[in-house]
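Only one structure is covered here, and it is reproduced in the block below.
In the numbering used here, the protein residues as written are 827 to 1113.
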C-alpha cells in the first residue's frame, strides 16, 4: 500500500485547496493525475480541488477509505456529507501537532443556544466642546441567559475639563454611576475605563464587564464608532460556508458564525498514477 495511504493526513490544510462556490480554474497550473472536469454549481457542498489532493471517503461505519477528486456532495437524512454513491466525506481534527483523527463530517443542525452577555465595549468620542453638566448617551442591545434582549444605556455627563460622570441603565434599572477620566492626549485613563456591572435580570444576577478604554475626548463632534457585546439569542442554522482551506463555518440566523470542529480531509499520494480506479473517479491505493 502506498505509504501515504496510512498517513492520509498529509493534508492540504497547509496548502489551501478546497473551494466552494469560489472556483478559480486559472489557478490550476499543475498537471494533476485523475483530474475531474470543473463545473460551477450553486450547491454549498460542491467543491473543487485546485492542488493534487483527493477527498477522503468511507462506505459504512467500518469500511475502507477510498479517494476521489470528484467534489459533488450532499447531506443525507443523518446530516452526514455524502457523495452520490453514499460514501461519507471524512473530516480531520488535529489531536496533537501533525497527528489527525479522521471522522465522517456530520453537520450539527441543532439550534444555537443563547448566550448571556458577559463583555461589552464602546468606541466613541465625547466632544471636548461639551460644557459641564451637558450630557450625551448611547444604547446597545444585550442578552440574558435565556436569550431575551435588553437595552444597556450609558449616559455621559461632563463634570470637569477631563472628567465625565457615567451612569449605566439597563432597561429601566439604574445600575451604577462612576467617573471616567481622560488624559491630556484625549485618551481614556486606563484605571477608570473598565466598568464592572452587576444587574438583576429576569433570570437572576448577571455580571458584565463594560470596556470604555476606546473612548476619546477630542475637539470633534460626538460620535459613536462601534459598539459590540458577546451575547446572542436562540438561532437556527441558516447557511454553511466552506473556506479555501477546508474549514466549515456554520452561520446562524442571529448573525453568529461558529467554526466546525473538523476540516475537510484531503489526502495526497506520492504516485497517484498507480491508484486503482474502482468506479468512475473513485480510487483505492494498490497493495
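For each residue, glycine too, the CB sits at the ideal point set by N, CA and C.
Looking at the secondary structure, which residues open and close the beta strand (DSSP E) in which residue i lies?
{"i": "residue 1015", "result": "Premise fails: residue 1015 is in no beta strand (DSSP E) and is neither H nor E."}
{"i": "residue 1066", "result": "1063-1068"}
{"i": "residue 929", "result": "925-930"}
{"i": "residue 1003", "result": "999-1007"}
{"i": "residue 965", "result": "961-969"}
{"i": "residue 945", "result": "945-951"}
{"i": "residue 996", "result": "989-996"}
{"i": "residue 1076", "result": "1073-1078"}
What is the DSSP secondary structure of residue i, reduced to helix, strand or coil?
{"i": "residue 1098", "result": "helix"}
{"i": "residue 906", "result": "strand"}
{"i": "residue 937", "result": "coil"}
{"i": "residue 1056", "result": "coil"}
{"i": "residue 1040", "result": "coil"}
{"i": "residue 1106", "result": "coil"}
{"i": "residue 855", "result": "At residue 855, the pLDDT of 33 sits below 50, so the modelled position is not reliable; the number obtained from the coordinates is stated separately. DSSP places residue 855 in coil when its eight states are reduced to three."}
{"i": "residue 915", "result": "strand"}
{"i": "residue 865", "result": "coil"}
{"i": "residue 876", "result": "coil"}
{"i": "residue 1030", "result": "strand"}
{"i": "residue 896", "result": "coil"}
{"i": "residue 1089", "result": "strand"}
{"i": "residue 956", "result": "coil"}
{"i": "residue 982", "result": "strand"}
{"i": "residue 1024", "result": "strand"}
{"i": "residue 871", "result": "coil"}
{"i": "residue 1083", "result": "strand"}
{"i": "residue 1049", "result": "strand"}
{"i": "residue 884", "result": "strand"}
Taking the C-alpha atoms as reference points, what is the distance between residue i and residue j?
{"i": "residue 944", "j": "residue 1059", "result": "14 angstroms"}
{"i": "residue 999", "j": "residue 900", "result": "50 angstroms"}
{"i": "residue 994", "j": "residue 1061", "result": "28 angstroms"}
{"i": "residue 1054", "j": "residue 1013", "result": "19 angstroms"}
{"i": "residue 1098", "j": "residue 878", "result": "9 angstroms"}
{"i": "residue 930", "j": "residue 968", "result": "37 angstroms"}
{"i": "residue 1009", "j": "residue 991", "result": "15 angstroms"}
{"i": "residue 1015", "j": "residue 977", "result": "26 angstroms"}
{"i": "residue 959", "j": "residue 1036", "result": "23 angstroms"}
{"i": "residue 1084", "j": "residue 1109", "result": "33 angstroms"}
{"i": "residue 926", "j": "residue 935", "result": "24 angstroms"}
{"i": "residue 983", "j": "residue 1066", "result": "45 angstroms"}
{"i": "residue 1102", "j": "residue 921", "result": "30 angstroms"}
{"i": "residue 912", "j": "residue 1077", "result": "26 angstroms"}
{"i": "residue 897", "j": "residue 872", "result": "6 angstroms"}
{"i": "residue 907", "j": "residue 892", "result": "15 angstroms"}
{"i": "residue 867", "j": "residue 914", "result": "20 angstroms"}
{"i": "residue 1104", "j": "residue 1096", "result": "19 angstroms"}
{"i": "residue 979", "j": "residue 962", "result": "11 angstroms"}
Following a CB-centred definition, is residue i positioned closer than 7 angstroms to any heavy atom of the ligand COA?
{"i": "residue 1029", "result": "The ligand COA is absent from the structure shown, which contains no ligands of any kind."}
If residue i and residue j are in contact, beta carbons under 8 angstroms, what's the gap, nearest whole angstrom?
{"i": "residue 1020", "j": "residue 1002", "result": "Going by Cβ atoms, the distance from residue 1020 to residue 1002 rounds to 13 angstroms, so no, they are not a contact pair."}
{"i": "residue 941", "j": "residue 1056", "result": "7 angstroms"}
{"i": "residue 970", "j": "residue 884", "result": "Actually they do not touch by this definition, with Cβ atoms about 43 angstroms apart."}
{"i": "residue 1063", "j": "residue 1006", "result": "Rounded, the Cβ-Cβ distance is 41 angstroms, inconsistent with contact."}
{"i": "residue 1093", "j": "residue 1034", "result": "Going by Cβ atoms, the distance from residue 1093 to residue 1034 rounds to 47 angstroms, so no, they are not a contact pair."}
*Are at least three pairs of beta-carbons, each pair with one atom in the stretch 1088-1095 and one in the stretch 1062-1078, less than 8 angstroms apart?*
yes
*Contact the stretch 944-954 vs the stretch 1042-1050: 3+ CB pairs below 8 angstroms*: yes
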